[in-house]
Amino acid sequence: MMATMQRIVSFAYERGLIGEHHLLKIRKRVRTNRADVVWTREEIETFEAGAPAYVSRILIAAVETGYRPGDLSLLARSHFEPRAGTHGRVLIRTRKSRGRNYASVPVTPRLAALVAGLPADQERIIVAANGRPFASSDELGKLVSEWRDRLGIRKGLRLYDARGTAVTRLVRAGCNLGELAAHMGWSLQHAAAMLERYAALDPEMSDGILEKVRRAEDRNAK
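In terms of full-length UniProt numbering, the sequence shown opens at residue 1 and continues consecutively.
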């Protein structure tokens, strides 16, 4: 949209139809690809061991669910649904989709343990030091970055990269397109693009594909 506006205003400016071009110096917004920036197991363990419990819960919940900070800040016990034979699942309407898309996430043992360790009367999963919900979801990322630096963890990591960590785990587990879309609250088209991106960056996934090709060729040769 901005590029279109700049072309229109440039056209008018070059032909003397307007006296000034206020959009000339506005830089294009560059989208950065952080698909290859993920939290390692060691970094997560260091963070969990060194940060206060209310801060470490932010990162653990993000890694285990793949939710954005805005969704994490609203995550509550009421979003957890019991299911026979499992720890249940979490079902929320994502904020980015303005409530149009659901993100359905199985409750992992680690997430179940996190919730079990909360005070019985605490409805929100992620709360501030005073036990109250955060005023803004931006505070979650700031706290994670603050404790990342205090603990000497890799500077480039952000809370949002926990989302990529979750996706990488799903890709390595062999989740199909529909499963990935349901888990992350994505459209199938976006899930396909993200699956391609993460798979290309993951050497283990590439090795897995190679092994599947070899097995298929062996079957065809028989």
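The C-beta atom is built at its ideal place from N, Cα and C for all residues, glycine as well.
Fully enclosed alpha helix (DSSP H) runs of no fewer than 4 residues occupy 53-65, 69-72 of the region 44-96, in order along the chain. By the 16-neighbour rule on beta-carbons within 10 angstroms, Leu143 is buried. Contact between the region 48-64 and the region 162-179 is present: 3 or more CB-CB pairs across the two stretches fall below 8 Å. In the displayed model, Arg154 falls within coil according to three-state DSSP, outside both helix and strand. When rounded, the separation of the alpha-carbon atoms in Arg219 and Arg172 is 24 Å. Ala162 and Ser136 have their C-alpha atoms some 19 Å from each other. In this structure, the beta-carbon distance from Ala191 to Arg124 does not fall below 8 Å. Straight-line measurement puts the Cα of His79 at about 26 Å from the Cα of Met194. By the neighbour-count criterion, in which a residue is buried when 16 or more other Cβ atoms sit within 10 angstroms of its Cβ, Pro119 is exposed.
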